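Visitor:
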Amino acid sequence: MFRTISLQQQDEQQGSGPRVLIVGAGIAGVTVAQLLRRAGLRPVLVERGHDRGHPGYMLALMPMVDPALDELGVRNAYRAASVPLSRYGLYGHTGRRLRVDSMSAILDRYGDYRGISRGDLLEVLTRDGCDVTPGTTVTALAEAPDTVRVTLSSPDGPADLDFDLVIVCDGLHSTTRDLIRPRLAVQTVDTHWAGWVAWAPSDQEPDLGEELWGAGFFLGVYPVAGRYGAILGGPVDDLRAGPVAFADSVRRRLREVSPRTDRVLNAIATDASPYYWPLTDCRAERWTTGRIVLLGDAGAGFLPTAGIGAGMAMESAWVLGRMIIDGRELAVPDLLTRYEIAQRPRVEAAQDNSRTLARMMFRRSRLLAVVRDTAARMLSVQAVLKPIQGLLATAPDPGRALRENSSATVRGR
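Counting with full-length UniProt numbering, you get residues 1 to 413 for the letters of the sequence shown.
(1) CA-CA distance, ASN266 and PRO278?
(2) With C-beta atoms as the reference, is ILE388 less than 8 Å away from ALA306?
(3) Among the residues of its own chain, which have a CB less than 6 Å from the CB of GLY17, if the five just before and after it don't count?
(4) Does ALA185 come within less than 8 Å of chain D when only Cβ atoms are used?
(5) Could you check what DSSP says for ARG47 in three-state terms: helix, strand or coil?
(6) At 3 residues or longer, and completely inside the region 100–188: list those beta strand (DSSP E) runs for me, N to C.
(7) Going by DSSP, which residues form a beta bridge with ASP281?
(8) Report all residues from its chain with a CB closer than 6 Å to the CB of VAL319; omit the five preceding and five following residues, and keep chain order.
(9) Under the three-state reduction of DSSP, which class applies to ASP11: helix, strand or coil?
(10) What residues match up with GLY301 in a beta bridge as DSSP calls it?
(11) Whole angstroms are fine: how far does the CA of ASP352 sit from the CA of TYR275?
(12) Hey, could you find the ends of the beta strand (DSSP E) TRP213 is sitting in?
(13) From ALA376 to LEU98, what does the alpha carbon distance come to, in whole angstroms?
(14) Between which residues of its own chain and LEU204 is the CB-CB distance below 6 Å, once the five residues before and five after are set aside?
(15) Start and end of the alpha helix (DSSP H) containing PRO235?
(16) Using the three-state DSSP reduction, which class does TRP199 fall into: helix, strand or coil?
(17) Measuring alpha carbon to alpha carbon, tell me which residue in THR394, ALA383, ARG403 is nearest ASP101.
(18) Could you tell me the distance, in whole angstroms, from the CA atom of THR94 to the CA atom of ARG328?
(19) Pick helix, strand or coil for residue 424, following the three-state DSSP scheme.
(20) Between CYS169 and ILE22, how many whole angstroms is the CB-CB distance? I'm expecting something under 8 Å.
(21) By the 10 Å Cβ neighbour count, where 16 or more other Cβ atoms means buried, how is VAL65 classified, buried or exposed?
(22) Measure the Cβ-Cβ separation of ALA198 and ALA230 and say whether it is below 8 Å.
(23) Could you check what DSSP says for VAL20 in three-state terms: helix, strand or coil?
(24) For LEU379, does the three-state DSSP call read helix, strand or coil?
(25) Hey, which unbroken runs of the alpha helix (DSSP H) at 4 residues or more fall wholly within the region 239–271?
(26) Helix, strand or coil for MET64 per DSSP?
(27) Less than 8 Å separating the beta-carbons of ILE116 and LEU385?
(28) Taking the C-alpha atoms as reference points, what is the distance between ARG255 and SER86?
(29) TYR49 and PRO134 look like a contact to me (Cβ under 8 Å); what is the Cβ gap, rounded to whole Å?
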């Protein structure tokens, strides 16, 4: 669980190791903080939110998260808090089931593929305690060759602190990223679609995730422990009518409504405050500027179409954490350059896959939906996930990244 302590207390606990600031106590930030602390380092972890309750949604985590979970010693707790995602069902634009594929046959050779809520995942990651200072933001960054002077605004007032390394992981709309100079260029994809997210009761098939790709809408249903996370999406202009009206319009467009689809549409329509999720992503042109590094959504924020964004954030946190722990003889800028060379191409390849799927899913045209349904009957989920399988088959090696890339340059510079 999270333990709230003051910024001054965290600063005093840093000790003689490298001084590390982690901005953002989401999945990426907590993962790297816990890895460093387990190795004896004392990074300062701050979070802009005041409420340390776990707002969140459903996650489908692929096996690239396993090394981080194993190193933190929480694999058993993770398995207890999650459910296996053994099967994937796809429905066409009329509501008719097109196919069901075995995810186990595709992914079991690499490790676990499981569903978990974001809140439960954070509970697993912080089960041994996680010190954090909430209500705290970075208001200025001044990077010098040997340090980064950071101005922070916390509940106890402003503070200027020096760090050897700053890890920025405060999300897709990172405010800390905007303070980096020279300013980092960030590419965004705005699909002009969004979705309503709500929880629905579980049923007799808790291992089955399903998606319905409609004409002008989509519905995703993803199992977690004891319930389903559901997202009902469509064009932003259409969603302005609100979740009740939009769910009703989707129901009218379907010729077949399965019992699960019916329950999920009812859950979204009756939820007092479903979460509204704008479906945009971001990609920073580079992740590092000497002693500052972007991590997770701050460097590459994903569309939720491939179900891999959180997994890649955890993988990146593990790679970065291991390189910081094992690469202390390297200068920080050199270490971060080697990290970016090793990890950014992997993350961007996964992000490309999610963008490709978005172009397939987010369509208004009924004619295109008919063509897509026909193709989906012939194209298995294994073919769609082939790029992701390639990433899983070539797992990152932090030790190798430390040994290599010493004379290479980061693409984009």
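We put the CB at the ideal spot given by N, CA and C, even for glycine.
Nothing here was measured: the structure is a model prediction, and the numbers come from that model.
Guide: Taking the coordinates as given:
(1) If I take the Cα positions, the gap works out to 21 Å.
(2) yes
(3) LEU41
(4) Going by chain labels, chain D is absent from the structure shown, which holds only one protein chain.
(5) The residue asked about is misnamed: residue 47 is Glu in this sequence, not Arg. Residue state, collapsed to three classes: coil.
(6) 114–117, 130–132, 137–143, 148–154, 157–163, 165–168
(7) Beta bridge pairing from DSSP links ASP281 with VAL189.
(8) GLN343, PRO396, PRO398
(9) helix
(10) CYS282
(11) 25 Å
(12) 208–213
(13) 7 Å
(14) According to the sequence provided, residue 204 is Gln. The question's Leu does not apply to it. No residues qualify anywhere along the chain.
(15) Not the alpha helix (DSSP H): PRO235 falls in the beta strand (DSSP E), residues 227–235.
(16) strand
(17) Selected option, being the one with the closest Cα: ALA383.
(18) 57 Å
(19) Here the chain comprises residues numbered 1 to 413, so residue 424 is not present and cannot be evaluated.
(20) 7 Å
(21) buried
(22) ALA198 places its beta carbon less than 8 Å from that of ALA230.
(23) strand
(24) coil
(25) Listed in chain order, the complete alpha helix (DSSP H) runs (minimum 4 residues) inside the region 239–271 are 243–253, 259–270.
(26) helix
(27) Cβ atoms of ILE116 and LEU385: not closer than 8 Å.
(28) 27 Å
(29) Residue identity check: residue 49 is Gly in the sequence provided, not Tyr. Approximately 6 Å separates the beta-carbon atoms of GLY49 and PRO134; this is inside 8 Å, confirming the contact.
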